[in-house]
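A.B. asks: First residue of the sequence shown? That's 237 in our numbering, and the numbers climb one at a time after it.
Cβ coordinates follow ideal geometry from the N, Cα and C atoms, glycine included.
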Amino acid sequence: MTSQVHREGKIPKTERVCFVSAVVGLCVYQYRFISEIKCWTILADISKKAYANLFGAETESPAVVNPNLYFSTRRTDVATVTNWNAPLVWEGTFDPIVIDDIYKKMDPRVAVVVFAVGKYTRFIKGFLESAENHFLVDFRVTYYVFTDNAKGVPQVALGKGRNITVVPVPSANRWQDVVLSRMKWATITIDKQVGADYLFMMDIDSIFYNRFGAESLSRLSAVLHRGYYKNTKRNRFPYERRPQSKAYIPAGEGDYYYTAAVWSGYLEDMYKLVKHCYFQSEEDKKNNIEAVWQEESHLNKYLLYNKPTKVLSPEYLWSDYDKVPLDIKVVRISQLRKNYAEVRPNGGH
Ligand SMILES: CC(=O)N[C@H]1[C@@H](OP(=O)(O)OP(=O)(O)OC[C@H]2O[C@@H](n3ccc(=O)[nH]c3=O)[C@H](O)[C@@H]2O)O[C@H](CO)[C@H](O)[C@@H]1O
Ligand SMILES: [Mn+2]
237 MTSQVHREGK
247 IPKTERVCFV
257 SAVVGLCVYQ
267 YRFISEIKCW
277 TILADISKKA
287 YANLFGAETE
297 SPAVVNPNLY
307 FSTRRTDVAT
317 VTNWNAPLVW
327 EGTFDPIVID
337 DIYKKMDPRV
347 AVVVFAVGKY
357 TRFIKGFLES
367 AENHFLVDFR
377 VTYYVFTDNA
387 KGVPQVALGK
397 GRNITVVPVP
407 SANRWQDVVL
417 SRMKWATITI
427 DKQVGADYLF
437 MMDIDSIFYN
447 RFGAESLSRL
457 SAVLHRGYYK
467 NTKRNRFPYE
477 RRPQSKAYIP
487 AGEGDYYYTA
497 AVWSGYLEDM
507 YKLVKHCYFQ
517 SEEDKKNNIE
527 AVWQEESHLN
537 KYLLYNKPTK
547 VLSPEYLWSD
557 YDKVPLDIKV
567 VRISQLRKNY
577 AEVRPNGGH
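#1: So for G292, helix, strand or coil by DSSP?
#2: DSSP on V579, reduced to helix/strand/coil?
#3: How would you label D439, buried or exposed, when you count the other beta carbons within 10 angstroms and need 16 or more for buried?
#4: Compute the beta-carbon to beta-carbon distance between K546 and A322, rounded to the nearest angstrom, for a pair I have assumed lies under 8 Å.
#5: Tell me the rounded alpha-carbon separation between Q571 and A352.
#6: Does V510 pass the burial test, meaning 16 or more other C-beta atoms within 10 Å, or should it be called exposed?
#7: Would you give the residue range spanned by the alpha helix (DSSP H) that W421 belongs to?
#8: Going by the beta-carbon positions, is the gap between V377 and V348 smaller than 8 Å?
#9: With respect to the alpha helix (DSSP H) encompassing Y434, which residues constitute its N-terminal and C-terminal limits?
#10: Taking its Cβ as the centre, do 16 or more other Cβ atoms sit within 10 Å of H534, making it buried, or is it exposed?
#11: Could you check what DSSP says for K511 in three-state terms: helix, strand or coil?
#12: Starting from V560, follow the beta strand (DSSP E) in both directions and report where the run begins and ends.
#13: Apart from the five residues just before and just after D563, which ones in its own chain have a Cβ nearer than 7 Å to its Cβ?
#14: Rounded to a whole number of angstroms, what is the C-alpha to C-alpha distance between E294 and V334?
#15: Taking the beta carbon of V346 as the centre, do at least 16 other beta carbons fall within 10 Å, making it buried, or is it exposed?
#16: Whose CA, out of I485, Y339 and Y538, lies closest to the CA of S454?
#17: Does DSSP put F382 in a helix, a strand or coil?
#18: Taking only the alpha-carbon atoms, compute the straight-line gap between Y492 and V459 and give it to the nearest angstrom.
#19: Can the beta-carbon of V392 be found closer than 8 Å to that of K355?
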């Protein structure tokens, strides 16, 4: 019985030979087919190169001539657009040469407003020298250094078309007054003396480490605060939560938490913004309240109702205190470590 079953389950020899021949035949055919495809691809590539040599590569779109170009301006590990369809800028989402070229044709005048009051003058040199190496290189830039110590502004070698204007401001007893007064002094100074197309507001306690180029320019650009861009739910953003303050944002509202240490835009849009925040903080003062993160709170309130036209990733302001995670491919500018208690007129946080 056992041997019968065994014999019945066995495939006859002729059928076995046919089956093996069919498999071998298929393999040979597949191999030839694949080699032919390879052959055609190589031929197509050679003729494409020959065509480009004869007639110039510009006859084809960059995506065809260099397929990598298409892929190099994509990131899939991070959001690259906001839900109001503004670009969210990360390394790998733009071609630096193309984008600088577009803006250079317009040759914009760029103003940078930085404050160096009290002991913060020590940061001016590092900020300016590193900006000369990385910030909008080859563009026209004027740094407006607001300080209570004009003599403390060091000599720094500047590139062509780049200048420093020193603007005197009073000393302060509280650091909170300095950061808040940035809105006031920016308003007054834009009114009086700033001639520019774009204006940046920046913290001085920072160093540029890598390219910070024209991809940052737009009508209103804001930078995601490094501390809250990834794992923080909107209700945990450190917005002003007291309804008595003009910077109040109710629970359930908000898009992002933006830093006040780097932000920019068209001069006229920035003027509207700083003036609005200045007036709002004056209202707060009358009501004996100061927003939890001073001008940063007012900025966040403004940007909630007047959406930025570009949002920049935390590459555009990192901090030397924090480890650089995988999604930050390039640190363009970073806040320095500092002894808060020593550098601020009224100590710590
Ligand atoms: C990375 C970031 O989000 N930074 C913000 C944060 O703390 P920061 O710890 O970065 O604030 P900070 O001490 O750097 O002060 C902001 C800036 O104000 C200027 N300054 C300040 C004090 C002083 O005595 N003299 C002087 O010149 C200086 O340009 C400095 O860079 O909170 C501040 C307000 O609470 C501002 O919103 C900063 O933009
Ligand atoms: Mn700072």
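C.D. replies: On the basis of the data shown:
#1: Bear in mind that a pLDDT of 47 at G292, under 50, signals an unreliable position, so the model cannot answer this.
#2: Looking at V579 - three-state DSSP - the assignment turns out to be helix.
#3: Counting Cβ neighbours within 10 Å, D439 comes out buried, since at least 16 surround it.
#4: Yes, K546 and A322 are in contact; Cβ-Cβ is about 6 Å, under 8 Å.
#5: Looking at the two C-alpha atoms, the distance is approximately 14 Å.
#6: By the neighbour-count criterion, in which a residue is buried when 16 or more other Cβ atoms sit within 10 angstroms of its Cβ, V510 is buried.
#7: According to the DSSP assignment, W421 belongs to the alpha helix (DSSP H) that extends over W411 to K428.
#8: Yes. Within cutoff.
#9: Unbroken run through Y434 is the beta strand (DSSP E), Y434 to M438; no alpha helix (DSSP H).
#10: Counting Cβ neighbours within 10 Å, H534 comes out buried, since at least 16 surround it.
#11: Reduced to three states, the DSSP call for K511 is helix.
#12: Counting along the chain, V560 sits inside no beta strand (DSSP E), nor does DSSP assign it H or E at all.
#13: Answer for D563: D313 and V314, listed in chain order.
#14: Since pLDDT at E294 reaches only 46, below the 50 mark, its modelled position is unreliable, and the value read off the structure follows with that caveat. Distance between E294 and V334, taken at the CA atoms: about 15 Å.
#15: Under a 10 Å Cβ-count criterion, V346 is classified as buried, with 16 or more other Cβ atoms of the shown protein chains found around its own Cβ.
#16: Nearest option by C-alpha distance: Y339.
#17: Here F382 sits in strand by DSSP.
#18: Rounded to the nearest whole angstrom, the C-alpha separation of Y492 and V459 is 9 Å.
#19: Not in contact: V392 and K355 (Cβ atoms no closer than 8 Å).
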